[in-house]
Amino acid sequence: MKQGKVWLVTGAGKGFGYEIVKAASASGDKVVATVRKESEKDIFDGDPNVLVLGMDVTLPKQVEAAVEKGIARFGGLDVIVNNAGFGIVGAIEEISDEETRKQYDTNVFGVLNVIRAVLPQLRKQRSGHIINISSLFAYDAIPAWALYGSTKFAVEGISVGLAIELAPFDIQVTALAPGLFRTNFLDAGSFLTPANPIGDYDKTPAGQYRNNAGAYHGNQAGDPAKLAKVVVALAAQEHPPLHLPVGLDSLQSYRNNAARTSREIEEWAGKFPATEV
Numbered sequence: 002m003k004q005g006k007v008w009l010v011t012g013a014g015k016g017f018g019y020e021i022v023k024a025a026s027a028s029g030d031k032v033v034a035t036v037r038k039e040s041e042k043d044i045f046d047g048d049p050n051v052l053v054l055g056m057d058v059t060l061p062k063q064v065e066a067a068v069e070k071g072i073a074r075f076g077g078l079d080v081i082v083n084n085a086g087f088g089i090v091g092a093i094e095e096i097s098d099e100e101t102r103k104q105y106d107t108n109v110f111g112v113l114n115v116i117r118a119v120l121p122q123l124r125k126q127r128s129g130h131i132i133n134i135s136s137l138f139a140y141d142a143i144p145a146w147a148l149y150g151s152t153k154f155a156v157e158g159i160s161v162g163l164a165i166e167l168a169p170f171d172i173q174v175t176a177l178a179p180g181l182f183r184t185n186f187l188d189a190g191s192f193l194t195p196a197n198p199i200g201d202y203d204k205t206p207a208g209q210y211r212n213n214a215g216a217y218h219g220n221q222a223g224d225p226a227k228l229a230k231v232v233v234a235l236a237a238q239e240h241p242p243l244h245l246p247v248g249l250d251s252l253q254s255y256r257n258n259a260a261r262t263s264r265e266i267e268e269w270a271g272k273f274p275a276t277e278v
């Protein structure tokens, strides 16, 4: 009989995913940790609680195979953490169609691929918790991060709809939005910039963020190991929240945008009363 929880964590080779796998295993749970790079496959060697599988979230057949192997090894799935993703930093105009699709293929369609692969098992069990890693950029737009943020807006929207649809099956959903944490996300090679930047943006905030994104690496306020503990505690909740900002910067981003949006809507609702349209 299966004891404890069984996790599936994508993007487990580094950053949040790596720390979440370690924290879940330390709690006594079993973890299916998926990684994309061959060099990452031995990172949890010696941990009997962890099964590391190569998987690219953009390839549905690979996702389905990994889910099947995980279920066969541990007998089910309880907590799904959709963590795999990357960022492209630049003004929206600068980012090509090809670059945009690559961003969405991983951050949005990759999440959907995993959800589709795990739901037959979760529906069969009539239980489970899907945790989709969002971002503070899903709460408000920041120059040069707007396109990346739009993928996280999509993750938030998918999570809301999913929660409603899965409620009859007793499957929980949380969109967890970290603030800025000291992960590899801003390390050289972990994010992209447009292949064809537009010089006119260089002296604008978008251009400055694009050119200096790497300077923030290692200076972020958040500790990813602490976030991993939050995720493990979240998975233990009987009635977890649908939305969870983690970090003071993420919480403040939500509050600022919510207040500004409310003010704007109420102001313009008075100028164009809904009852007159």
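Residue numbers (this note's numbering): 2 to 278.
Backbone N, C-alpha and C fix where the C-beta goes; we use that ideal spot for every residue, glycine too.
Just so we're clear, the structure is a prediction, and the values are computed from it rather than from any experiment.
{"Check": "Cross-strand partners of residue 173 (DSSP beta bridge)", "Outcome": "130"}
{"Check": "Residues that residue 35 bridges to, as DSSP identifies them", "Outcome": "54"}
{"Check": "Segments assigned alpha helix (DSSP H), at least 4 residues, entirely inside the region 66-145", "Outcome": "98-105, 111-126"}
{"Check": "With 16 other Cβ atoms within 10 Å as the buried cut-off, status of residue 8", "Outcome": "buried"}
{"Check": "DSSP bridge partner residues for residue 240 (one or two, in chain order)", "Outcome": "Answer is none; residue 240 lacks a bridge partner."}
{"Check": "Span of the beta strand (DSSP E) around residue 60", "Outcome": "Element bounds for residue 60: n/a, residue is neither H nor E."}
{"Check": "Exposure of residue 49, with buried meaning 16 or more beta-carbon neighbours within 10 Å", "Outcome": "exposed"}
{"Check": "Under 7 angstroms between C-beta atoms of residue 90 and residue 145", "Outcome": "yes"}
{"Check": "Local Cβ density within 10 Å of residue 123, reported as buried at 16 or more and exposed below that", "Outcome": "buried"}
{"Check": "Option nearest residue 228 by Cα separation, candidates 270, 257, 180", "Outcome": "180"}
{"Check": "With 16 other Cβ atoms within 10 Å as the buried cut-off, status of residue 240", "Outcome": "exposed"}
{"Check": "Rounded C-alpha distance that separates residue 87 from residue 51", "Outcome": "24 angstroms"}
{"Check": "Given 8 angstroms, three or more beta-carbon pairs between the region 129-137 and the region 168-179", "Outcome": "yes"}
{"Check": "Distance CB(residue 140)-CB(residue 213) smaller than 7 angstroms", "Outcome": "no"}
{"Check": "Assigned exposure category for residue 152 - 16 Cβ within 10 Å defines buried", "Outcome": "buried"}
{"Check": "The region 154-169 touching the region 192-201, judged by at least three CB pairs closer than 8 angstroms", "Outcome": "no"}
{"Check": "Cβ shell of residue 5 (< 7 angstroms), same chain only, five flanking positions each side left out", "Outcome": "29, 30, 31"}
{"Check": "Separation of residue 273 from residue 234, as counted between CA atoms", "Outcome": "46 angstroms"}
{"Check": "Proximity to residue 169 [Cα-Cα], best of 129, 142, 207, 147", "Outcome": "129"}
{"Check": "Residue 34 vs residue 64 beta-carbon contact at 7 angstroms", "Outcome": "no"}
{"Check": "8 angstroms CB neighbourhood of residue 230 in its chain, flanking five on each side removed", "Outcome": "24"}
{"Check": "CA-to-CA distance, residue 73 to residue 207, given in whole angstroms", "Outcome": "47 angstroms"}
{"Check": "Beta-carbon contacts of residue 210 that lie in its chain and below 8 angstroms, excluding the five residues immediately before and after", "Outcome": "90, 143, 144, 145, 146"}
{"Check": "Cα-Cα separation, residue 75 to residue 113", "Outcome": "23 angstroms"}
{"Check": "Residue of 161, 107, 263 minimising C-alpha distance to residue 59", "Outcome": "107"}
{"Check": "Counterpart residues of residue 10 in DSSP-defined beta bridges", "Outcome": "34, 82"}
{"Check": "Residue 219, buried or exposed, once every other Cβ within 10 Å from all chains shown has been counted against 16", "Outcome": "Residue confidence is low: residue 219 scores 49 on pLDDT, short of 50, so the model does not pin down where it sits. No coordinate-derived value is stated."}
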